[in-house]
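So the structure is just underneath, and the comments pick up after that.
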Amino acid sequence: MPPAVVARVLGYGIRYAPNDRGRIALVRDILACNKEAELLAGVAHLYVYGLCRVFYNPKGPTCCVTPSPSLTPRLFSEVPAKDLSLLLESSSDASRLHIQTLLPDNYRCVFTGLLDDTQLELDFEITGTLQKCTYTNVAHIISQSLSENISGVHSAARVKFEWARTAGAMLQRFGGFDAHEAFGDEILQNPKNAFNASLSAHASFDAMKMWLTPIKDVQTEAIIPDTYQVNHRLGQDYLLGTGQSQLHVEFRSYSVGHTVTPAPDPRLIALHAACAGIANMSGAAGYLEERYRDTEDIAVMTQPGAAHELTRVLKTFQMVAPTP
Numbered sequence: 000m001p002p003a004v005v006a007r008v009l010g011y012g013i014r015y016a017p018n019d020r021g022r023i024a025l026v027r028d029i030l031a032c033n034k035e036a037e038l039l040a041g042v043a044h045l046y047v048y049g050l051c052r053v054f055y056n057p058k059g060p061t062c063c064v065t066p067s068p069s070l071t072p073r074l075f076s077e078v079p080a081k082d083l084s085l086l087l088e089s090s091s092d093a094s095r096l097h098i099q100t101l102l103p104d105n106y107r108c109v110f111t112g113l114l115d116d117t118q119l120e121l122d123f124e125i126t127g128t129l130q131k132c133t134y135t136n137v138a139h140i141i142s143q144s145l146s147e148n149i150s151g152v153h154s155a156a157r158v159k160f161e162w163a164r165t166a167g168a169m170l171q172r173f174g175g176f177d178a179h180e181a182f183g184d185e186i187l188q189n190p191k192n193a194f195n196a197s198l199s200a201h202a203s204f205d206a207m208k209m210w211l212t213p214i215k216d217v218q219t220e221a222i223i224p225d226t227y228q229v230n231h232r233l234g235q236d237y238l239l240g241t242g243q244s245q246l247h248v249e250f251r252s253y254s255v256g257h258t259v260t261p262a263p264d265p266r267l268i269a270l271h272a273a274c275a276g277i278a279n280m281s282g283a284a285g286y287l288e289e290r291y292r293d294t295e296d297i298a299v300m301t302q303p304g305a306a307h308e309l310t311r312v313l314k315t316f317q318m319v320a321p322t323p
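Given below as structure tokens:
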């Protein structure tokens, strides 16, 4: 990344840190560089391609969470209440998570409030009434592995910040908590890391174009639990004008027998918001988009303008490639 982007990543990292612990950790990392440009670039690389990366999913909905035929809203509606808990416990992680994210919001998208289309079909068969609906699926807050090694780190920075091998280590340093201790081994399929959303809102959230910030009580200034303002890089007028989201969302927990589905963890939501702020304000979002874009989106060399497109993409990879 160019020096200007590196500087903005570090500066906005300090500004948008989710807590004082993360802010102090980043300041210490910056001071440890002793003004050496290569080391500072290495720190920025770690925060962009190590931390921001795990919240960034340019390919949209995670395919592994598509519900299996064994557990669907239709089947769920036909099962007696006393058997729902057993049905959840016996289902696959992906199918269970899909239902767990639908139940707290009564089968609606958390952003738009629109009813899931499958549930609307069920309701229509019973009541004959219609309303606006949308296709929904599971949206993850963390959408990438925390255990993979961070690639592309300059050799000097790799030695200096030897601890920063994985995204999990970066999350612990900047977020102030150990994800595996907080959520167990299966972080992606944990309901604390997921909610139900329409495809459009899901895509914007995955691309870090949209993020959530806590809402405070106007009188006490205390944070209202599980209640957030929806933000978009193009502003809230864009959200309302496109119908992509309401301005506020409220998450809920839900109990089925002995099985409790918790609301999404506020620490993960805060980290996603911090990374969205860093990526969008620094210009690093464009580098993430280029580096992780689908190769099918790149024109073949026989098409007009393909040579220019290839040169542009190769230049991006050159900017993030490690030096010997």
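In numbering that gives the first Met the number 0, the protein residues as written are 0 to 323. Even glycine gets a Cβ: it sits at the ideal position worked out from N, Cα and C.
Same chain, Cβ closer than 7 Å to residue i, neighbours up to 5 away in sequence not counted
| i | result |
| --- | --- |
| I214 | I223, T226, Y227, Q228 and H247 |
| T260 | Q99, L102, P103, P190, S252 and Y253 |
| L45 | I149, V152, F160, A163 and M169 |
| G174 | P17, G21, R266 and L270 |
| V5 | L39, A40 and A43 |
| C326 | Summary: the structure shown does not reach residue 326, with the chain confined to residues 0 through 323, and so no result is reported for it. |
Run of the alpha helix (DSSP H) containing residue i, from where it starts to where it stops
| i | result |
| --- | --- |
| I125 | D116 to T126 |
| M169 | A166 to G174 |
| F110 | No alpha helix (DSSP H) holds F110; DSSP gives it neither H nor E. |
| D236 | Q235 to T241 |
| D28 | D19 to A31 |
Close-in-space but distant-in-sequence residues of the same chain around residue i (CB under 6 Å, 5 per side omitted)
| i | result |
| --- | --- |
| A156 | L38 and G41 |
| N279 | R232 |
Of the listed residues the options, nearest to residue i (C-alpha basis)
| i | options | result |
| --- | --- | --- |
| P265 | Q218, H201 and P17 | P17 |
| S197 | E185, D236, D116 and Q130 | D116 |
| G184 | D216, L145 and P1 | This sequence places Asp at residue 184; Gly is not what is there. When each option's Cα is compared against that of D184, the closest is L145. |
| R203 | Q118, A36, G242 and Q218 | It should be noted that the sequence gives Ser, not Arg, for residue 203. Selected option, being the one with the closest Cα: G242. |
| T111 | P2, H257 and N195 | N195 |
Counted within 10 angstroms of its Cβ, other Cβ atoms place residue i as buried (16 or more) or exposed
| i | result |
| --- | --- |
| E77 | With a pLDDT of 48 at E77, under the threshold of 50, the modelled position of that residue is not reliable, and the figure given next carries that caveat. That one is exposed. |
| N105 | exposed |
| R95 | buried |
| S154 | exposed |
| R107 | buried |
| D28 | buried |
| L30 | exposed |
| I268 | buried |
| Q118 | buried |
| Q188 | buried |
Integer-rounded CB distance, given that residue j should sit under 8 Å from residue i
| i | j | result |
| --- | --- | --- |
| N192 | F182 | 7 Å |
| Y48 | G276 | Incorrect: roughly 17 Å between the Cβ atoms, too far for contact. |
| A206 | R52 | Their Cβ separation, rounded to whole angstroms, is 12 Å, which puts A206 and R52 out of contact at 8 Å. |
| G282 | R7 | 6 Å |
| E288 | P57 | 6 Å |
Cβ neighbours of residue i in the same chain (closer than 8 Å, five flanking residues each side left out)
| i | result |
| --- | --- |
| P66 | Bear in mind that the predicted position of P66 carries a pLDDT of just 44, short of 50, making it unreliable; the figure below should be weighed with that in mind. Cβ within range, chain order: A93, S94, H97 and I98. |
| A178 | I141, L145, G167, L170, Q171 and I186 |
| D122 | L114 and T128 |
| L85 | Unreliable placement is indicated for L85, whose pLDDT of 48 sits below 50; the coordinate value is still reported in the next sentence. G256, listed in sequence order. |
Limits of the beta strand (DSSP E) - the one that residue i falls within
| i | result |
| --- | --- |
| Y253 | Y253 to V255 |
| S197 | A193 to S197 |
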